[in-house]
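Working notes for the structure below.
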Amino acid sequence: MSHAEADESPAAPDWSLGLYAEADGEGGVGLAGNVSWYASERTEWFLAANYADASDTLSGLSPRGLELGGRHDFGPLGFELSYLGWQDPDVVTADALNAAFDVSAGAWTVSVLGQTRQSDFETFTARGLVTLRNGQQIPVAATANCSLANTGLGLGLTFNGAEWGGYLRGMDYQYSATSCAFDSPALERLEQTRPAIFRQFASRVTSQLSLSAVSRIGAENALLDNYWGTGVRYGAADSRFSWAVDYLYQKEYFAGLVGNALSGTASREMNPGLTAYLTLGVTDSDSLDTVWFGGLGLQASF
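Under our numbering, the sequence shown has 216 at position 216, and the numbering climbs by one with no breaks.
In structure tokens form, the structure reads like this:
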């Protein structure tokens, strides 16, 4: 065998598979899985699914979600597009389209992030005394079907070194007026409403979504005003272990609740192509005391 043959790097994997389970101090449980197919060195297709049971937490949500997408690198340029769909059977069904365009130079990558989302709320009983901007009050007692559209625009910066890595990313969201249909013609003035008006008669819906945004498990349904996150990782070239620390800030849309999550992850390569990892962290928010969470995961490539 020649020296060149001996130094050949192993072939890139064709597939990768990941599984992750998480629990928190409120009694929430989350499960997630993903599979990727590397059609070529520059093209990846992926499918991911998740389920959360947060019925015993303050939000009471139990969402399930699905993501399908792909990524292609054009040398230093890259583009990613994915569809996301998720649902809580009692509250909301949402569809979103995510896109990312990035430019790489050496170990650095700058990304532009975008999202468009349509949220269709399950039929609910709207009740309340709504105060309009001019001070007029309208009593509401009707069955309502409502939907809400929003878009998001963000930026990301990533560093991938031989041993050290890190990222910083964030996104800001803009919302259209909430669109509602009532079984009472007297409420036509409320068919297109601002969020300040909508949450006055739809608190059963908005309060659950607000609380989900400031927890760790079940946050997939949350409607955000903005978020930003950052993290660092370290893994020595001659070690099977790597370490990461992540922080996430989220501000919720309807009530303006703020949530913070800080976590640490330890990973170990069990054998070539199989890595196990452990995540431990805490969340803190306007509406909840500090809550711990922890998870175990496996990532395989073949």
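Heads up, the beta-carbon is just placed ideally off N, CA and C, and yes, glycines get one too. As the structure is a computational prediction, the values presented were derived from the model and not from experiment.
Exercise for the section: Closer than 7 Å by C-beta to S59: which residues in its own chain qualify, once you throw out the five before and the five after it? Chain order, please. Expected result: Here S59 has Q208, L211, S212, S215 and G218 as same chain residues with Cβ atoms under 7 Å from its own Cβ, once five neighbours each way along the sequence are excluded.
Handout entry: For S267 and H3, the rounded distance between their alpha carbons
Key = Interpretation of H3 is limited by its pLDDT of 40, a score under 50 that renders its predicted location unreliable; the figure taken from the coordinates is listed afterwards. Near 33 Å, if we compare the C-alpha coordinates of S267 and H3.
Handout entry: Secondary structure of V205, DSSP reduced to three states
Key = Here V205 sits in helix by DSSP.
Problem - Burial state of Q136 (16 or more Cβ within 10 Å) - result: So Q136 ends up on the exposed side.
Exercise for the section: Could you have a look at E44 and say whether DSSP puts it in helix, strand or coil? Expected result: Annotated three-state conformation of E44 is strand, per DSSP.
Problem - Residue nearest to N145 in terms of C-alpha spacing, selected from A49, S285 and E191 - result: Looking at the Cα atoms, E191 is the closest of the given residues.
Exercise for the section: Would you mind giving the Cβ-Cβ distance between L61 and V91, rounded to the nearest angstrom? I have them listed as a contact below 8 Å. Expected result: Going by Cβ atoms, the distance from L61 to V91 rounds to 6 Å, so yes, they are a contact pair.
Handout entry: Rounded C-alpha distance that separates L274 from L298
Key = Spanning the alpha carbons of L274 and L298 requires a straight line of approximately 7 Å.
Problem - 9 Å Cβ cutoff met for G65 and Q87 - result: Yes, these two residues count as a Cβ contact at 9 Å.
Problem - Under 9 Å between C-beta atoms of S104 and L81 - result: For the pair S104 and L81, the CB atoms are not nearer than the 9 Å cut-off.
Practice task
Could you tell me the boundaries of the beta strand (DSSP E) in which D95 lies?
Solution key: Start and end: V92 to A105.
Handout entry: Sequence-distant residues of the same chain with beta carbon closer than 7 Å to Y20, five excluded per side
Key = Close CB contacts of Y20 within its chain, under the 7 Å cut and outside five residues either way in sequence, are with A32, G295 and G297 (chain order).
Problem - Secondary structure, beta strand (DSSP E): runs of 3+ residues fully inside the segment 141–182 - result: Counting only runs of 3+ residues, the beta strand (DSSP E) found wholly inside the segment 141–182 occupies 164–175 and 178–182, in chain order.
Exercise for the section: Kindly indicate the opening and closing residues of the beta strand (DSSP E) around F124. Expected result: For F124, the enclosing beta strand (DSSP E) starts and ends at F124 to T131.
Practice task
Put Q200 into one of helix, strand or coil per three-state DSSP.
Solution key: Secondary structure of Q200 (DSSP, three-state): helix.
Problem - Extent of the continuous beta strand (DSSP E) run through D73 - result: Per DSSP, D73 belongs to the beta strand (DSSP E) from R64 to F74.
Handout entry: Own chain residues within Cβ distance below 6 Å of T131, not counting five before or after
Key = Within the same chain, T131 has close Cβ partners Q137.
Exercise for the section: Please classify E22: is it buried, with 16 or more other beta-carbons within 10 angstroms of its beta-carbon, or exposed? Expected result: E22 is classed as buried because its beta carbon has at least 16 other beta carbons within 10 Å across all chains shown.
Handout entry: Opening and closing residue of the beta strand (DSSP E) in which N260 lies
Key = Taken as a continuous stretch (DSSP letters only), the beta strand (DSSP E) holding N260 covers V258 to N271.
Problem - Contact under 9 Å by Cβ, V112 with G156 - result: Taking the C-beta atoms as reference points, G156 is found nearer than 9 Å to V112.
Exercise for the section: Grab me the residues of D95's own chain with a C-beta within less than 6 Å of its C-beta, minus the 5 sequence neighbours each way, in chain order. Expected result: Leaving aside the five residues that flank D95 on each side, the residues in its chain whose CB is nearer than 6 Å to its CB run, in chain order, G85 and Q118.
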